[in-house]
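Asks:
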């Protein structure tokens, strides 16, 4: 039996992670001079954080460092337990590269250890979707090698669609220019974004008004449900629960049997999207780049 590991940006609650026997390492974020470990189960922490984003506070984040990963992996390695770590996209954070460095350091001391690290090329609940798939495979008796092979071959089928309410956070993150942020805000442009085949965030479309942007998210989900109506659809938000429920209701109006779950976007991602980001995560019929 192998141990599943992930980071706190996976969009899954501690209860869900424990139920699937997944261990988690936290990201940290800094706001108003205070550095805090990300905890999706701490509702008060999240709501306070979202409120600060809404007020225009610009928090900062840092990648989990190599030493932290070594400390996280080492007890399993010392016990002779094979491990599979699934992490936040390397296209969004340098953190995943640090897992590879940590693995290589541990293999110098424990050369027979089985340490597998998989770049999910995903964020938030997209990462979580792949973790749940890994747990499902493990439960059916798949080996560690088989699970890694499945994740690697299927991860680009995962579609991740986002819209944001405040363009300034995309500007500060280098995703759009100052002029685009200014003009977009003036004309109520709400971008539709996804995560590309390299795990990087990109702007796919520019939509007038929040209402139409949320409707576009529901349309993307409905198209994926035509391919696989039984799949679980994960909806995530950085604090705008009403908007997330609006997307849910738009989907249910057309697909009343859809299995939908709403959850939070973790602080590390929310630092770059701002308050009010809404995202949907579904599996499509083909790899990500071909689905636009």
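Numbering (the UniProt record's numbering), first residue to last: 1 to 292.
Where a beta carbon is used, it is the ideal one built from N, C-alpha and C, also for glycine.
Please report the straight-line C-alpha distance between residue 106 and residue 74, rounded to a whole angstrom.
Replies: If I take the Cα positions, the gap works out to 7 Å.
Asks: What is the DSSP secondary structure of residue 293, counted as helix, strand or coil?
Replies: Examination of residue 293 is not possible in this model, given that the chain is present from 1 through 292 alone.
Asks: Mind the definition here: the stretch 216–232 touches the stretch 154–167 only if three or more C-beta pairs lie below 8 Å; say whether that holds.
Replies: With the cut-off at 8 Å, the stretch 216–232 and the stretch 154–167 touch.
Asks: For residue 61, I'd like the list of residues in its chain whose CB is within less than 6 Å of its CB, leaving aside the five on either flank, ordered along the chain.
Replies: Once the five neighbours on either side are set aside, the close Cβ partners of residue 61 are 29, 268, 271.
Asks: Let me know the secondary structure DSSP gives residue 120 once reduced to three states.
Replies: Coil.
Asks: For residue 86, count neighbouring Cβ atoms within 10 angstroms of its own Cβ and tell me buried if that reaches 16, exposed if not.
Replies: Buried.
Asks: Leaving out the 5 sequence neighbours to the left and right, which residues in its chain are closer than 6 Å to residue 293 when beta-carbon positions are compared?
Replies: Residue 293 lies beyond the residue range present for the chain, which begins at 1 and ends at 292; the question has no answer from this structure.
Asks: Alpha carbon to alpha carbon, how far is residue 88 from residue 25? Give it in angstroms, no decimals.
Replies: Each residue's Cα considered, the two are about 11 Å apart.
Asks: Over what stretch of residues does the alpha helix (DSSP H) that includes residue 246 continue unbroken?
Replies: 241–254 is the span of the alpha helix (DSSP H), which, as asked, contains residue 246.
Asks: My output table needs one value for residue 265: the three-state DSSP class, helix, strand or coil.
Replies: In this structure, residue 265 counts as coil in the three-state DSSP scheme.
Asks: Per DSSP, residue 86 forms a beta bridge with which residues?
Replies: Residue 86 is bridged to 6, 118.
Asks: What's the C-alpha gap between residue 256 and residue 248?
Replies: Their Cα atoms are separated by approximately 10 Å.
Asks: Measuring alpha carbon to alpha carbon, tell me which of 21, 4, 276 ends up nearest residue 168.
Replies: The shortest Cα separation from residue 168 among 21, 4, 276 belongs to 276.
Asks: Could you tell me the distance, in whole angstroms, from the CA atom of residue 50 to the CA atom of residue 111?
Replies: If I take the Cα positions, the gap works out to 44 Å.
Asks: Can you tell me whether residue 252 is buried or exposed? The criterion is at least 16 other CB atoms within 10 Å of its CB, across all chains shown.
Replies: Counting Cβ neighbours within 10 Å, residue 252 comes out exposed, since fewer than 16 surround it.
Asks: Considering only the beta carbon of each residue, do residue 244 and residue 278 sit closer than 8 Å?
Replies: Yes.
Asks: Helix, strand or coil for residue 48 per DSSP?
Replies: It is helical.
Asks: From this set, 31, 11, 4, which residue's C-alpha is nearest residue 21's C-alpha?
Replies: The shortest Cα separation from residue 21 among 31, 11, 4 belongs to 4.
Asks: Taking just the CA atoms, how far does residue 212 sit from residue 221?
Replies: Looking at the two C-alpha atoms, the distance is approximately 14 Å.
Asks: In the DSSP assignment, find the unbroken alpha helix (DSSP H) run with residue 138 in it and report its ends.
Replies: Looking at the DSSP string, the run of the alpha helix (DSSP H) that includes residue 138 is 125–139.
Asks: With a cut-off of 8 Å on the beta carbons, I'd call residue 197 and residue 156 a contact; round off their distance for me.
Replies: Right, the Cβ-Cβ distance comes to about 6 Å (below 8 Å), so this counts as a contact.
Asks: How many angstroms separate the CA atom of residue 166 from the CA atom of residue 63?
Replies: Cα-Cα distance, rounded: 24 Å.
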